[in-house]
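I have placed the structure first, in the form of structure tokens, so that the comments after it can refer back to it.
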Amino acid sequence: MKRLIIPAVAALLSPVIFSACTESHAMDVSSPDGRLNFSLLLDDEGQLYYKVRKDGTAVVDSSGLGLACREFSLGHRTEVRKVERAAKDEVWHPVWGEESEIRNNYNEMCVHLHESDSGDTSGIDYMLRVRVFPDGVGFRYEIPGQENVSEMTVMEELTEFALHEDGVAWSIPWNHEYYEHLYEPSLVSRLDTVCSPLTVKMTDSLYVSIHEAALEDYAAMNLHPIGNSTRLRTWLTPWSTGEKVFASNTLKSPWRTMTIVNTPGELMLSRVMLNLNEPCAIEDTSWIEPARYIGIWWGMHRKEYTWGQGPTHGATTDNTKRYMDFAADNGFGGVLVEGWNRGWDGDWSANGDLFSFTEPYPDFDIEEIARYGAGKGVRLIGHHETGGAALNYEQQMDSAFAMYHRLGINSVKTGYVNPLMDGKEYHSGQYAVRHYRKVIETAAKHHIMIDNHEPVMPTGLQRTYPNLMTQEGVRGCEYDAWSPDGGNPPEHTVTIPFTRCLAGPVDYTPGTFNYDNPVPPYTRPQSTLAKQLAMSVVLYSPLQMASDMIENYEGRPEFEFLSRCPVDWNKTLVPEAKIGEYVTVARQDKENGDWWLGAMTNRNARQTRLPLDFLEPGKKYVAKIFADGDGADYRSNPLPVAISEVEVDSTSALNLNLASGGGAAVIISRK
Ligand code: NOJ
Ligand code: CA
Numbered sequence: 004m005k006r007l008i009i010p011a012v013a014a015l016l017s018p019v020i021f022s023a024c025t026e027s028h029a030m031d032v033s034s035p036d037g038r039l040n041f042s043l044l045l046d047d048e049g050q051l052y053y054k055v056r057k058d059g060t061a062v063v064d065s066s067g068l069g070l071a072c073r074e075f076s077l078g079h080r081t082e083v084r085k086v087e088r089a090a091k092d093e094v095w096h097p098v099w100g101e102e103s104e105i106r107n108n109y110n111e112m113c114v115h116l117h118e119s120d121s122g123d124t125s126g127i128d129y130m131l132r133v134r135v136f137p138d139g140v141g142f143r144y145e146i147p148g149q150e151n152v153s154e155m156t157v158m159e160e161l162t163e164f165a166l167h168e169d170g171v172a173w174s175i176p177w178n179h180e181y182y183e184h185l186y187e188p189s190l191v192s193r194l195d196t197v198c199s200p201l202t203v204k205m206t207d208s209l210y211v212s213i214h215e216a217a218l219e220d221y222a223a224m225n226l227h228p229i230g231n232s233t234r235l236r237t238w239l240t241p242w243s244t245g246e247k248v249f250a251s252n253t254l255k256s257p258w259r260t261m262t263i264v265n266t267p268g269e270l271m272l273s274r275v276m277l278n279l280n281e282p283c284a285i286e287d288t289s290w291i292e293p294a295r296y297i298g299i300w301w302g303m304h305r306k307e308y309t310w311g312q313g314p315t316h317g318a319t320t321d322n323t324k325r326y327m328d329f330a331a332d333n334g335f336g337g338v339l340v341e342g343w344n345r346g347w348d349g350d351w352s353a354n355g356d357l358f359s360f361t362e363p364y365p366d367f368d369i370e371e372i373a374r375y376g377a378g379k380g381v382r383l384i385g386h387h388e389t390g391g392a393a394l395n396y397e398q399q400m401d402s403a404f405a406m407y408h409r410l411g412i413n414s415v416k417t418g419y420v421n422p423l424m425d426g427k428e429y430h431s432g433q434y435a436v437r438h439y440r441k442v443i444e445t446a447a448k449h450h451i452m453i454d455n456h457e458p459v460m461p462t463g464l465q466r467t468y469p470n471l472m473t474q475e476g477v478r479g480c481e482y483d484a485w486s487p488d489g490g491n492p493p494e495h496t497v498t499i500p501f502t503r504c505l506a507g508p509v510d511y512t513p514g515t516f517n518y519d520n521p522v523p524p525y526t527r528p529q530s531t532l533a534k535q536l537a538m539s540v541v542l543y544s545p546l547q548m549a550s551d552m553i554e555n556y557e558g559r560p561e562f563e564f565l566s567r568c569p570v571d572w573n574k575t576l577v578p579e580a581k582i583g584e585y586v587t588v589a590r591q592d593k594e595n596g597d598w599w600l601g602a603m604t605n606r607n608a609r610q611t612r613l614p615l616d617f618l619e620p621g622k623k624y625v626a627k628i629f630a631d632g633d634g635a636d637y638r639s640n641p642l643p644v645a646i647s648e649v650e651v652d653s654t655s656a657l658n659l660n661l662a663s664g665g666g667a668a669v670i671i672s673r674k
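In terms of my numbering, the sequence shown opens at residue 4 and continues consecutively.
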């Protein structure tokens, strides 16, 4: 991957050599438990840099900070004006999520700085705000309004992460394919330009994940090592014209975040990124409803239906009613219908401008369907595929959301299938970030929840806008329908919990039951069926799909797990986890206190004994276990699922046998 570097800032990009004398200028802030420490340092020239230590041991060595703007450059002729300190220890309650309470506990240091290399004599005032939590660090640049600044153009961000160890990093390459890749392990020093989150195993007991929080009006952060070192430099996704970020007279960068913990399970449980986002901006959230959904969807990916009109058009009134009947009978709140609107005929991904978001095809009676669904307590889930034509969508979205609201539709899946937005801008650049933000805010006005496909990588905005329910930005289960490499390999779903899923909820859409594909390369799920069930617990999404066509669920006892699995949790635990190998997640239903477990392995079969010490002591429970059946194997025999029931309490342990590429899914209910 070639990186585009603007010559004017190239001089600023060489690694900075730090001298020992700088230590005397250190400004420190530690986590409330004292274990994690961030030091900000200045060398004699005024170059700004930082270090991070955990329990006294280096995690991040001297790493440069700064912003190279067209108008001025920050971070290399800097002096400190003032240091302010603050602390917070609060508990907040997300509208939905993996737990009902989140503790936000940090110490803050806000360093007021003055840069003299500003192109004129007056200099630039700016701040570096740092928060240190027990499980991670966040810092960001803030440029307040000042007389001599009327606009800014960020050409390059100079933030570095010089990791102390050349650990194993799991990442996907930076490109414009919507993050739909397999996360590959590699040494940090061997990486090319990669997207964040970037998760690194530094030692057997030290894991670091680098990402960002609150990406609001900026470009997404990517990373690349300088030379073959462990010093990672930020590389922001550019505009088509090469600039990175345009701002008026003030600027707040997203938070640069590092989750720093001892185990992979703790990575999954860290809420540093959510805590760094602003509290909920929506006053009345009563209309935001997490739900399970099915859809007229897999049929198109398997080519049994078409999106456009024709003899096998999926989105017909009758077919939708059939899906609504099934949803009502099986406890699903919504039915997604794709291909309902004008614009799908022909090469839609090259002609997204043709999409109308208010005109249904003639065989899709949207008024009648909405009325029918309302009578059954099932909502239609809207679909807005834009083909990447963001401007066409912006012109229509107000009226489209208003129409949906009138029809009682409260969620919309959006999509941007095109390598570039509006023919020229990347999905992770500032142009797209602004567009996605506009969609979320406009949708909120109309009480619409969003499930965004082909998004920019999530950064915790759902804390502020909890109508941003879920996003794709992953190589999801659709690849099990048509990918030329035969489907998502078994490692993928035990890697993404520690990489993509750290960024936020994921619309992976698990739940395939029909593995028949007689056509080479026989693309189908590379997992057992029991593992498909487990994914519904492990891969969190507040709008969670059961992806298969409904005829493939009829009469299947395993389907009970998908049809009942909650989407909003009181508590989440990760009893065991190894990146790329296995993961077990236990979640407690927010509504009734039942526990739901998902255990998954890669291509290696696995026996595990899971203590149930998280159950309430002295209480009796029944565990209903959906396990890989006799002889199950993801390649040769993926379908057997053994369903059994056993009485358990907090002193019990479950012995789970996971097949190659297998899993187990368990419901533990009070007796
Ligand atoms: C790609 C999305 O990820 C998929 O879910 C959708 O069906 C197609 N685009 C068509 O919009
Ligand atoms: Ca996609």
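Ideal placement from N, C-alpha and C gives every residue a C-beta, glycine not left out.
Remember, it's a predicted structure, so these values are computed and weren't measured experimentally.
- Rounded to the nearest whole angstrom, the C-alpha separation of R193 and G346 is 44 Å.
- Counting only runs of at least 3 residues, the segment 514–596 fully encloses the following beta strand (DSSP E) elements, listed from N- to C-terminal order: 546–548, 572–581, 585–592.
- For E457, the Cβ falls inside the 8 Å cut-off from some heavy atom of ligand 1.
- The closest heavy atom of ligand 1 lies 8 Å or more from the beta carbon of K306.
- Relative to ligand 2, even the nearest heavy atom lies 8 Å or more away from the CB of Y52.
- Residue environment analysis places R612 among the exposed positions, since fewer than 16 neighbouring C-beta atoms fall within 10 angstroms of its C-beta.
- The beta carbon of Q312 sits closer than 6 Å to the beta carbons of Y364 from its chain, once the five residues preceding and following it are set aside; these are given in chain order.
- With a cutoff of 8 Å, G418 counts as near ligand 2, since its C-beta is closer than that to a heavy atom of the ligand.
- The shortest C-alpha to C-alpha distance from F249 to any of A217, S153, W173 is the one to S153.
- Residues of the same chain with a CB within less than 7 Å of the CB of K204, apart from the 5 flanking positions on each side, are G170, V171, Y210, I582 in chain order.
- Annotation: the continuous beta strand (DSSP E) that includes R88 extends over 81–95.
- For E341, the shortest C-beta to heavy atom distance toward ligand 1 is below 8 Å.
- With a threshold of 16 other beta carbon atoms within 10 Å, H495 meets it and is buried.
- Taking C-beta atoms under 8 Å as the contact rule, F404 and A446 qualify, at a distance of about 6 Å.
- In the three-state reduction of the DSSP assignment, V381 falls in the coil class, being assigned neither a helical nor a strand state.
- If the five residues before and after W301 are omitted, its C-beta is found closer than 6 Å to the C-beta atoms of S550, D551, M552, all from its own chain and listed in chain order.
- Rounded to the nearest whole angstrom, the CA to CA distance from T526 to D425 is 32 Å.
- At least one heavy atom of ligand 1 lies less than 8 Å from the C-beta of W300.
- The shortest C-alpha to C-alpha distance from T654 to any of R673, V669, G621 is the one to G621.
- No Cβ-Cβ contact shorter than 9 Å links P560 with I451.
- Excluding sequence positions up to five before and after W258, its CB lies within less than 7 Å of the CB of G141, F142, R143, E215, A216, A217, L279, all in the same chain and listed in chain order.
- Around S273, the same chain offers D138, G139, T262, V264 as residues with beta carbons nearer than 7 Å, after the five sequence neighbours per side are excluded.
- For T202, the uninterrupted beta strand (DSSP E) segment begins and ends at 201–206.
- V459 places its beta carbon 9 Å or farther from that of L536.
- Around the Cβ of H96, a 10 Å sphere holds fewer than 16 other Cβ atoms; the residue is exposed.
- From the listed residues V381, E444, K674, P569, the smallest Cα separation to E286 is found for E444.
- For G463, the secondary structure class from DSSP, reduced to helix, strand or coil, is coil.
- The C-beta separation of G385 from V420 comes to about 17 Å, leaving the pair out of contact by the 8 Å criterion.
- When the beta-carbon positions are compared, T162 and S66 come within less than 9 Å of each other.
- F75 sits in coil when the DSSP states are folded into three classes, being neither helix nor strand.
- By the criterion of a C-beta distance shorter than 6 Å, W343 is surrounded in its chain by A318, P363, F367, once the five residues flanking it on both sides are discounted.
- Not one heavy atom of ligand 2 sits closer than 8 Å to the Cβ of G126.
- Assignment of I443 by DSSP, reduced to helix, strand and coil, places it in the helix class.
- In the three-state scheme derived from DSSP, where H, G and I count as helix and E and B as strand, C113 is classed as strand.
- For S431, no alpha helix (DSSP H) run applies, since DSSP gives it neither H nor E.
- It is roughly 41 Å from the alpha-carbon of D220 to the alpha-carbon of G664.
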